[in-house]
Amino acid sequence: GRGIAQVSMQWVTTAQDMVTRVAADREPLQEAFGLGEAAAICGVDWSLSDPHRGGASVAILSFGDVASIRQVVYKPKDIRIEASFQRFVALVFDELGATGGKPAPLITHLLRDGYGYASVIRHEPCAPERLAAFYRNAGRLAAILHLLGSSDCHFENLIASGDRLHLIDAETLFEGQTARPIPEPDGGSVDLLLDSVVRIGMFPRWVQPSAGSTPYDVSALGVPSANSEGRPSRAVIDVNTDAMAWGTRPGVPVQPQSLPVAASLANPVDDHVPSIVEGFREVYRMALDRRVSATLDEAMAGFIGLPRRLVLRNTTTYSILQSRATSPSCLRSGPDRGFELDRLARSALMAEDKPVTWSCFEAEVHDMDNFDVPYFDFTLGSSEIVGGGRTIEGMLTTDGLARARLRLRAMSEADLAWQVRLIEGSFSARAVLDAEPVGASRSLGVTSSTIANDLQGTALTDSTGGVTWLSLSPFGGGDVLQLDLIPHGLYAGRAGVATFLFAQAREAGDEAGAGFAARVLAPAVGEAIGGDRQARYRFARDNGLGMAGLGGLLRALEVLERNPLAHGIDAEALAMGLVEVISPELIARDTELDVMGGAAGAVGAISRIHTRAPSAATGYALESLAGHLVASQIPSGGWAPAAGPLPLTGLAHGASGMGLALIEAGVALNDDRFVRAGARAFAYEATVFDASRGNWPDYRTPVKPGSFMTGWCAGAPGIGLARMRALELAPAHGDADAWRADLLVSAETISRTPLGARDHLCCGNLGRAFVLGALGAWRGEPTWMQAAADMREAVVVRAAERGGFGLQPGNWTSADLLCQGLMQGLSGVGYALLADPGIDDLVTLLV
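By the numbering used here, the letter at position 535 of the sequence shown is numbered 531, and the numbering carries on one by one without gaps.
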């Protein structure tokens, strides 16, 4: 009852405030927005923003009558920063006037004390012949927003109107940094993107709300266009009739307002990237002029003292939490509602000492309990924030306005080239993984040594002197590519690159090369592998237990322990540090289970550690992880997929990988129940084997009849590797003959598979060649080994002709934007091209 009364009273209060203000501002409104003297309010479109401070939100006021209506935006907050931003945009376009730039159409503002009004900007598609102009103006706006340190410029915060793009909420300007409950390690690599054009959010960038969910793009320019039908929704139909009932209402397409086209027309941005870059360069180069720079700096100084809001978390987080806290059970029980709101304290509770964020948590709960989305007030140039009736010091660790002025003074042609590279790279990431690679922009090496040289030559140096790369890496389960700095892990990150570079250095006897490899690995050791327990735990929590996370790091350390040139790395101790963070909570979070992302990806490496040096920690980890896998196994022997009707097959995602993990654990622990469970997984795959194809079907969604892959991740090569390792572990098992038969089929299938477009390890030509060679070496089959050598030679010859290897879609590994990683990048290619001493190491990494 209290909640209903509170929300009702808030609505009455905010409505009264708005009406009273409009009445008092009648004359200024008429003058500023051209309202007629007798024009009355004839409509109010409420709740156009999140509710703040007593339920107040943005509204659109309609004045006039049916024949003539004018609309004005009412904003119950101080809007001086918005008016100042419009003047800054006008100043930039006035300076561009000398080069033919059109004046910028301004949003009109009426400033009042603590609130204000603005003219309505309507979404209007751009004429097709003006699209190039629209995107050039978008590039200009991006340069302005980058200069002013903006962020959060997603598709809901900009509106396309004709050939212009308008920012709606200027409180995204001058974004500073805030304190964290647990301080992050000093990482200069992050700064390369944190203070770049990527930060503003206008350019394509994938987000994934939760593990296993489908990635999507919310950027202003990259968001997909709405389809022609829209999404049907559940609603009450036949209202006010005897037939009134719950039913389905046809969907109405809601076009993202940041796009210059109407719904059902595809987002045309890929055809206009040069126009975006042209507009960005135009404003950036203009700001390099000393006179213009001084003028802009003076204009920035005018923002000092203006009020700005700070929202500490993604508003979606608050929305989800409020939804949970307003469930029937929570509305009936104060303690239950309080328990839900207390979730905001979780991150602070991980800190050893009381963090400054604790005061923010109390203010957040205060606002959430009033059904508001929490925010804090501060003035630009100040370090204090105010919220929940309290003043909090130390939460702002950097001044966004001061940082913007420093950015203006540090602008250079070199930085312009870097920002342009990021813009163009973000659009490269829009390519889907099914696209075919095309020719390279310039030639790269086609031997393991020249690949190592290319990796070293294209490395970036961050603000701490560390080594990193700008990379297109698989994201969101590998369905899309993300432009980012290289991550820490094995699959696509620096651990995989370093492992290859160490192997190449060993092959060449190159101490300097090993030194560079150690620099590559150092940030991962400092933050994810050898940091404090909380840092290791966070890495496992955020990246999973599998090959893409903790399990991949364990595999890398196992290989590095055998490399004499990796002498500065205590691989055994580091591996034990990772094993010791495996806890019931981490295992309970694992819903993926498979080698790529789940428990199965960690078991093999831990089993080998336990076999060499049994300990309570490795024994507990193996028992827990294997038990987790067995508990999830279904009667068929496979594992129920998150989506789709049939258990998956294969090494990376399916029954081969999980079955092999159980056999590894069973042998290491001398526990036959795990071995039996692993054998059941292999037996399940036998039931779906297609003898006519010599392969196992790929049941990943969407299921397509006759869908087969021939790669490490899915299909015969990975399954053959799994059977090889199982035979090493349990050669006398009752199903060993069946496993040998599967291994033979795998080799035969690989041998007759023609070259494909991709060359990487995961599901490309060199991955197949490596598996065939490894199977041949293990079985003593010279014909398989020769076939593998022939496949490698064919790939190398083609790469030499085309100037690079076929890796990510749309590019045969341009030297300007490499895919450096192990499984889908150059490091894996280099590893596959190494001489035979690398075989044992690569098998360890892959199984």
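Even glycine gets a Cβ: it sits at the ideal position worked out from N, Cα and C.
Put simply, of A613, R558, L549, E171 the residue whose alpha carbon is nearest the alpha carbon of A598 is L549. Nearest to Y487 by C-alpha distance, out of L479, G547, L466, is G547. Under the 10 Å beta carbon count, K73 is surrounded by 16 or more other beta carbons and is classified as buried.
With 16 or more other Cβ atoms from the protein chains shown falling within 10 Å of its own Cβ, A35 counts as buried.
Boundaries of the beta strand (DSSP E) around D480: 476 to 481. Relative to the Cα of V219, the nearest Cα in the group S80, R532, A639, S254 belongs to S254.
Taking each of V68, T9, A1 in turn and checking the Cα distance to E27, the smallest one comes out for V68.
Note on geometry: alpha-carbon atoms of D528 and N223 lie some 48 Å from one another. For D165, no beta strand (DSSP E) segment is defined, and its DSSP state is neither H nor E. Just measuring C-alpha positions, the residue of S221, S146, L665 sitting nearest I196 is S146. Residue environment: S355 is assigned as buried (16 or more neighbouring CB atoms within 10 Å of its CB, all protein chains considered). Inter-residue distance for P483 and Q820 is about 14 Å (C-alpha atoms, whole angstroms). Between the beta-carbon of V555 and that of D837 there is about 5 Å, and that keeps the pair under the 8 Å contact cut.
Of M5, M572, G615, H624, the smallest CA-CA separation from A584 is found for H624.
If you look at Q67, you'll find it in the beta strand (DSSP E) that goes 65 to 71.
In this structure, F130 and P256 form a Cβ contact; the two beta carbons are roughly 5 Å apart against a cut-off of 8 Å.
Assignment of W42 by DSSP, reduced to helix, strand and coil, places it in the coil class. Here F276 carries a helix assignment [DSSP, helix/strand/coil]. Contact holds between the region 131 to 145 and the region 160 to 168, because three or more Cβ pairs, one in each stretch, are under 8 Å apart. Beta-bridge pairing by DSSP links H105 to A114. Minimum Cα-Cα distance from Q530 among the listed residues S289, L644, A344 corresponds to A344.
Residues D332 of the same chain have their beta carbon placed closer than 6 Å to that of S325, with the five preceding and five following residues left out of the count. Within the same chain, Cβ atoms closer than 6 Å to the Cβ of V269 are found at F423, the five residues on either side in sequence being excluded. Annotation: the region 303 to 328 contains the following complete segments of the alpha helix (DSSP H) (minimum length 4 residues), in chain order: 311 to 321, 324 to 328. Comparing C-alpha distances from R721 to each of M705, T706, D738 shows the shortest one belongs to D738.
Contact between the region 365 to 372 and the region 393 to 407 is not established, with fewer than three Cβ pairs separated by less than 8 Å.
Counting other Cβ atoms within 10 Å of its Cβ, T645 reaches 16 or more and is therefore classed as buried. Within the region 652 to 680, no complete alpha helix (DSSP H) segment of 4 residues or longer occurs. Approximately 5 Å separates the beta-carbon atoms of G421 and L479; this is inside 8 Å, confirming the contact.
A residue is called buried once 16 or more other Cβ atoms fall within 10 Å of its Cβ, and L44, having fewer, is exposed.
By alpha-carbon distance to A524, the top candidate from A513, G540, G511 is G540.
DSSP places S603 in the uninterrupted alpha helix (DSSP H) bounded by 596 to 608.
Here D332 carries a helix assignment [DSSP, helix/strand/coil]. Rounded to the nearest angstrom, the gap between the Cα atoms of Y695 and C709 is 12 Å. Counting along the chain, the unbroken beta strand (DSSP E) around G383 starts and ends at 380 to 383. Residue state for S58 is assigned as strand, using DSSP reduced to three classes.
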